[in-house]
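Colleague: Here it is: the structure, laid out below.
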Amino acid sequence: MRGQFETSPQSPETEWVPSVRSRDQWPDGDRVLNDPALDEVLRREGWVRLPGIQLDSDSCARLRGFFLDRFPADRTGFHNDFFLPDLTFRREASKVMHEEMGGMERTWMSGFTPFLYTYLAKFSGDRSTLEEHRDWMYVDELSGDRSYIIYVALDDATDSNGMVRVVPRSHLLPGGPCGTKAIWPWLRFRDELRARSVAVPLKAGEAAIWDNRLIHMSFDNNSATPRLAVGMWCHRSGGSLVHFARTESGYLQFDVDEQFFLEETPALLYSRNPSRPVTRNFECQLDGIEEEALRGLLDGTTQTPPVEMLHDLVDEIETATDE
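Using this note's numbering, you'd call the opening residue of the sequence shown number 9 and step up by one each time.
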């Protein structure tokens, strides 16, 4: 038995029915971006740079000023608000970002709603590298849901200050849950991922959107000043938010809301489970996590679409349940 799925005793009886959509070709009604050409690039590559300036210089200045005046923690390394235990700052910062960025999702996205705003700061120094990673699953990706980030530079992002790098098509890699204690298995091929990464240079006020499945990274900020950006995380309007955590026996899926992302930190979640309803309790295992498979998926030469590979896994989980 490679894996099994079972309903959590704390949750209602629900059936896991996966969505199978080859190469992320969703129905027209499920378009992510309003612009068809940009939407196609996002589907194919996992990210796209938005044309033009998204935040004017005054908005960038206000957002920079708030952060530099109010940020309460050590100003070294890389910072994401979600990791900060100061909940007051996080709430106030979220409000300020909403005031400056609110509505941007409607301009560019079709039927998506923000659920999280964060500052993303890379302070000067040799400890500011952000290793290659993919974000946690904020929605039920195992059933086909997707979430995205609108990333807006507040400063010019260049090689010298550690601009973001992304791995095109890495959003198509199959895998199990990604969350607390649940690491994305493809990350062990560090050299291959870094070699395939591409830079995302942005001027202050410019933006990019990427799929939260996309593997990304950034290197040290070797300039004399912090490099600041803001992020707006979005999910399908009316959809659910979730959190996955690995346990000794498998995985738990929690039903969460926007408040979860203003109250929790990865450190807290690592030390204990959140006080949220458990909707699934399951085990899973995915074979074929090999460097050759990684190359095939990123090159587009692998014949089996990743979502169908996940569907095969789910079938085995459901079959194992019946045994």
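Virtual Cβ for every residue (Gly too), placed ideally from N, Cα, C.
1) Taking only runs that begin and end inside the segment 36-113, name each unbroken alpha helix (DSSP H) of 4 or more residues, in chain order.
2) Going by beta-carbon coordinates alone, are arginine 154 and aspartate 219 separated by less than 8 angstroms?
3) What span of residues does the alpha helix (DSSP H) with leucine 260 cover, start to end?
4) Return the chain-ordered list of same chain residues with a C-beta closer than 7 angstroms to the C-beta of glutamate 271, the five sequence neighbours on each side being excluded.
5) Which of helix, strand or coil does DSSP assign to glutamate 299?
6) So, is valine 91 buried or exposed, given that buried needs 16 or more other C-beta atoms within 10 angstroms?
7) Looking only at C-alpha atoms, which of Gly239, Arg135 and Val250 sits nearest to glycine 170?
8) Confirm, please, whether the CB-CB distance from alanine 207 to lysine 159 is below 8 angstroms.
9) Which full runs of the alpha helix (DSSP H) of 4+ residues lie inside the segment 144-204, going along the chain?
10) How is alanine 215 classed by DSSP in three states: helix, strand or coil?
11) Tell me which residues share the same chain as phenylalanine 269 and place their Cβ nearer than 6 angstroms to its Cβ, disregarding the 5 neighbours each side in the sequence.
12) Do the CB positions of leucine 180 and alanine 212 come within less than 8 angstroms of each other?
13) Starting from the C-beta of leucine 260, find all residues in its chain whose C-beta is less than 6 angstroms away, skip the five residues before and the five after it, and write them out in chain order.
14) Bridge partners of threonine 121, per DSSP?
15) From Ser132, Asn281, Met109 and Ser248, pick the residue whose C-alpha is nearest to that of threonine 233; which is it?
16) On the DSSP bridge list, what partners appear for glycine 133?
17) Within a Cβ cutoff of 6 angstroms, which residues of the same chain sit near lysine 130, ignoring the five residues on either side of it in sequence?
18) Inspect the CB distances between the segment 235-252 and the segment 114-122 and report whether three or more fall short of 8 angstroms.
19) Nearest CA to the CA of proline 59: which residue from Arg72, Phe262 and Thr115?
20) Put threonine 310 into one of helix, strand or coil per three-state DSSP.
21) Express the C-alpha separation of phenylalanine 74 and serine 102 in angstroms, rounding to a whole number.
22) Which of the three DSSP states is assigned to threonine 115 in this structure?
23) Give the straight-line distance between the Cα atoms of isoleucine 191 and arginine 173, rounded to the nearest whole angstrom.
24) With a cut-off of 8 angstroms on the beta carbons, I'd call glycine 54 and proline 193 a contact; round off their distance for me.
25) Using CA coordinates, which residue listed in Phe97, Met109, Thr84 and Asp47 is at the minimum distance from serine 67?
26) Quick one: grab the DSSP three-state call for glutamate 271.
27) Alpha carbon to alpha carbon, how far is leucine 63 from glycine 296? Give it in angstroms, no decimals.
Modeller: Taking the coordinates as given:
1) The qualifying runs are 44-53, 65-78 and 95-109.
2) By one-based count along the sequence shown, residue 154 stands at place 146. By one-based count along the sequence shown, residue 219 stands at place 211. Contact flag set, yes.
3) Reading the sequence shown from its first residue, position 252 is the one you call residue 260. According to the DSSP assignment, leucine 260 belongs to no alpha helix (DSSP H) but to the beta strand (DSSP E) extending over 259-264.
4) On the sequence shown, position 263 is the one that residue 271 refers to. Excluding positions up to five away in sequence, the list reads Leu95.
5) Reading the sequence shown from its first residue, position 291 is the one you call residue 299. Looking at glutamate 299 - three-state DSSP - the assignment turns out to be helix.
6) Here the question's residue 91 lines up with position 83 in the sequence shown. Inspection of the sequence shows that residue 91 is occupied by phenylalanine rather than by valine. The Cβ neighbour count for phenylalanine 91, taken over all protein chains shown within 10 Å, is under 16; the residue is labelled exposed.
7) As a first step, residue 170 must be located in the sequence shown, where it is residue number 162. Here the closest residue by C-alpha is Arg135.
8) What you label residue 159 is simply residue 151 of the sequence shown in a count that begins at 1. What you label residue 207 is simply residue 199 of the sequence shown in a count that begins at 1. Here residue 159 is tyrosine; the residue named in the question, lysine, does not match the sequence. No; because the gap between Cβ atoms is not below 8 angstroms, this pair is not in contact.
9) 198-204, all fully within the segment 144-204.
10) What you label residue 215 is simply residue 207 of the sequence shown in a count that begins at 1. Strand.
11) On the sequence shown, position 261 is the one that residue 269 refers to. The beta carbon of phenylalanine 269 lies closer than 6 angstroms to those of Leu124 in the same chain, with the five residues before and after it left out.
12) Within the sequence shown, numbered from 1, the residue matching residue 180 stands at position 172. Within the sequence shown, numbered from 1, the residue matching residue 212 stands at position 204. The answer is no: Cβ separation not under 8 angstroms.
13) Taking the first residue of the sequence shown as position 1, residue 260 is located at position 252. Closer than 6 angstroms at the Cβ level, and outside the excluded window around leucine 260, lie Ala253, Val286 and Asn289.
14) Reading the sequence shown from its first residue, position 113 is the one you call residue 121. Within the DSSP bridge table, the entry for threonine 121 names His243 as partners.
15) Within the sequence shown, the letter at position 225 stands for residue 233. Among Ser132, Asn281, Met109 and Ser248, the Cα nearest to that of threonine 233 is on Ser132.
16) Your numbering for residue 133 matches position 125 in the sequence shown. Per DSSP, Asn229.
17) Here residue 130 is taken as the residue at index 122 of the sequence shown, counted from 1. Excluding sequence neighbours, lysine 130 sits near Phe86, Ser136, Gly170, Asn229 and Arg235.
18) Proximity of the segment 235-252 to the segment 114-122 meets the contact definition, three or more beta-carbon pairs being nearer than 8 angstroms.
19) The count along the sequence shown starts at 1 and reaches residue 59 at position 51. Nearest option by C-alpha distance: Thr115.
20) Residue 310 sits at position 302 when you count from the first residue of the sequence shown. In the structure shown, threonine 310 sits in coil (DSSP, three-state: anything other than H, G, I, E or B).
21) Residue numbering aside, residue 102 sits at position 94 when the sequence shown is read from its first letter. Residue numbering aside, residue 74 sits at position 66 when the sequence shown is read from its first letter. Using only the alpha carbons, I get a separation of about 11 angstroms.
22) In the sequence shown, the residue the question calls residue 115 occupies position 107. Three-state DSSP puts threonine 115 in a helix.
23) For this step, residue 191 is matched to residue 183 along the sequence shown. For this step, residue 173 is matched to residue 165 along the sequence shown. Cα to Cα, the separation comes out at about 20 angstroms.
24) Here the question's residue 54 lines up with position 46 in the sequence shown. Here the question's residue 193 lines up with position 185 in the sequence shown. Between proline 193 and glycine 54 the Cβ distance is about 18 angstroms, and since that is not below 8 angstroms, they are no contact.
25) By 1-based counting over the sequence shown, the position of residue 67 is 59. Comparing Cα-Cα distances from serine 67 to each of Phe97, Met109, Thr84 and Asp47, the minimum goes to Met109.
26) In the sequence shown, the residue the question calls residue 271 occupies position 263. Collapsing the DSSP output to three states places glutamate 271 in a helix.
27) Within the sequence shown, the letter at position 288 stands for residue 296. Within the sequence shown, the letter at position 55 stands for residue 63. When rounded, the distance between both Cα atoms is 43 angstroms.
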